[in-house]
Amino acid sequence: MHKDWPTLACPSGDGMKFWGHEWEKHGTCTSLDQHSYFQAALDLKSKANLLQVLGDAGNHQLYQVYLCVDTSASSFIQCPVLPHGRGCGNKIEFPSFSSDSQSRDEL
Numbered sequence: 005m006h007k008d009w010p011t012l013a014c015p016s017g018d019g020m021k022f023w024g025h026e027w028e029k030h031g032t033c034t035s036l037d038q039h040s041y042f043q044a045a046l047d048l049k050s051k052a053n054l055l056q057v058l059g060d061a062g063n064h065q066l067y068q069v070y071l072c073v074d075t076s077a078s079s080f081i082q083c084p085v086l087p088h089g090r091g092c093g094n095k096i097e098f099p100s101f102s103s104d105s106q107s108r109d110e111l
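When the count follows the working numbering, it moves up by one through the sequence shown with no breaks and lands on 111 for the last residue.
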């Protein structure tokens with residue numbers, strides 16, 4: 005679920021609140037149980053090229069992306085939910101790689 009149906013809210017959280025909302029708003033209107041509802045949704049998603057469908061409809065918007073790398077800039081690492089305690093911003097940051105850098109650098 006984290007990979008195929010992530011929450012896109014900021015802050016992102018763990019997805020449980022988002023998936024609960026999706027179940028309450030949409031899933032309870034079906035004859036499916038909770039597991040079957042989400043499985044059916046994931047199965048349908050795998051059959052559609054959502055990025056192409058959105059692009060064909062003129063939606064090319066990119067909201068926010070965090071990529072975190074180690075201080076050697078050679079490996080991606082897991083990003084914190086809110087890097088450095090900030091909320092959602094509208095900036096791209098390119099960190100300096102100094103000798104006193106922490107183990108996480110945000111891009």
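Where a beta carbon is used, it is the ideal one built from N, C-alpha and C, also for glycine. Bear in mind the structure is a predicted one, so any value in this text is a computation, not a measurement.
For residue i, count the other beta carbons within 10 Å of its own beta carbon; 16 or more makes it buried, fewer makes it exposed. Which is it?
i          : result
residue 31 : buried
residue 17 : exposed
residue 89 : Note that residue 89 has pLDDT 49, beneath the 50 cutoff, so the model's placement of it is unreliable and no number is given.
residue 5  : exposed
residue 79 : exposed
Looking at residue i: is its Cβ nearer than 7 Å to the Cβ of residue j?
i          : j          : result
residue 38 : residue 27 : yes
residue 8  : residue 46 : yes
residue 11 : residue 19 : yes
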